[in-house]
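In this note's numbering, the protein residues as written are 22 to 125.
Positions of the beta carbon are idealized from the N, C-alpha and C atoms, including for glycine.
In what follows, a structure is listed as structure tokens, so that the remarks can point back to it.
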Amino acid sequence: MGKDHLRYLLPPQKDNEEAAKYLSNTLGEDNSKIEWAAVRPDTLINKEKESEYEIFKSPKQSPVFDAGKTSRINVAHFMTELLCKEEMWEKWKYKMPVIYNTRN
Numbered sequence: 022m023g024k025d026h027l028r029y030l031l032p033p034q035k036d037n038e039e040a041a042k043y044l045s046n047t048l049g050e051d052n053s054k055i056e057w058a059a060v061r062p063d064t065l066i067n068k069e070k071e072s073e074y075e076i077f078k079s080p081k082q083s084p085v086f087d088a089g090k091t092s093r094i095n096v097a098h099f100m101t102e103l104l105c106k107e108e109m110w111e112k113w114k115y116k117m118p119v120i121y122n123t124r125n
């Protein structure tokens with residue numbers, strides 16, 4: 022079994038990918054009632070304070086074999102930015118940005 026297949030066996034990867042597929046394929050960008058964005062963190066960790074993070078259009082690391090770290094507080098910060106800053110929402114609307122803590 023290749024590493025691309027292995028990720029479907031590790032929870033919650035399969036559920037997350039099914040939800041993303043639903044947003045992208047079923048709701049799409051033509052839905053007049055719902056605008057959406059799906060924030061995709063890598064391996065979630067707990068931190069007490071926000072830190073620098075980076076946002077990408079697609080994963081830059083393998084979630085199984087070279088997982089990056091993303092703090093929950095940074096995910097919350099980015100989601101707040103999406104909700105409160107129109108320019109951020111417009112940039113990521115109908116997309117699935119990936120968030121990683123910046124490596125120090």
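N-terminal and C-terminal residue of the beta strand (DSSP E) that THR64 is part of: Here residue 64 refers to the residue found at position 43 when the sequence shown is read from its first residue. Residues 64–66.
Taking PRO62 as the reference, which of THR91, ASN52, GLU73 has the closest Cα? Position 41 of the sequence shown, counted from the first residue, corresponds to residue 62. By alpha-carbon distance to PRO62, the top candidate from THR91, ASN52, GLU73 is THR91.
Is the shortest distance between the beta-carbon of ILE66 and the beta-carbons of chain D less than 8 Å? Here there is only one protein chain, and chain D is not present.
The alpha helix (DSSP H) spanning ILE94 covers which residue range? In the sequence shown, residue 94 corresponds to position 73, counting from 1. 93–105 is the span of the alpha helix (DSSP H), which, as asked, contains ILE94.
Under 7 Å Cβ to Cβ from TRP110, same chain only, skipping five residues before and after it: list those, please. Within the sequence shown, the letter at position 89 stands for residue 110. Excluding positions up to five away in sequence, the list reads LEU103.
Should LYS58 and LYS116 be called a contact, given that it needs their Cβ atoms to be closer than 8 Å? As a working note, residue 58 is residue 37 in the sequence shown. As a working note, residue 116 is residue 95 in the sequence shown. In the sequence as displayed, the identity of residue 58 is Ala instead of Lys. Cβ distance < 8 Å, so ALA58 and LYS116 count as in contact.
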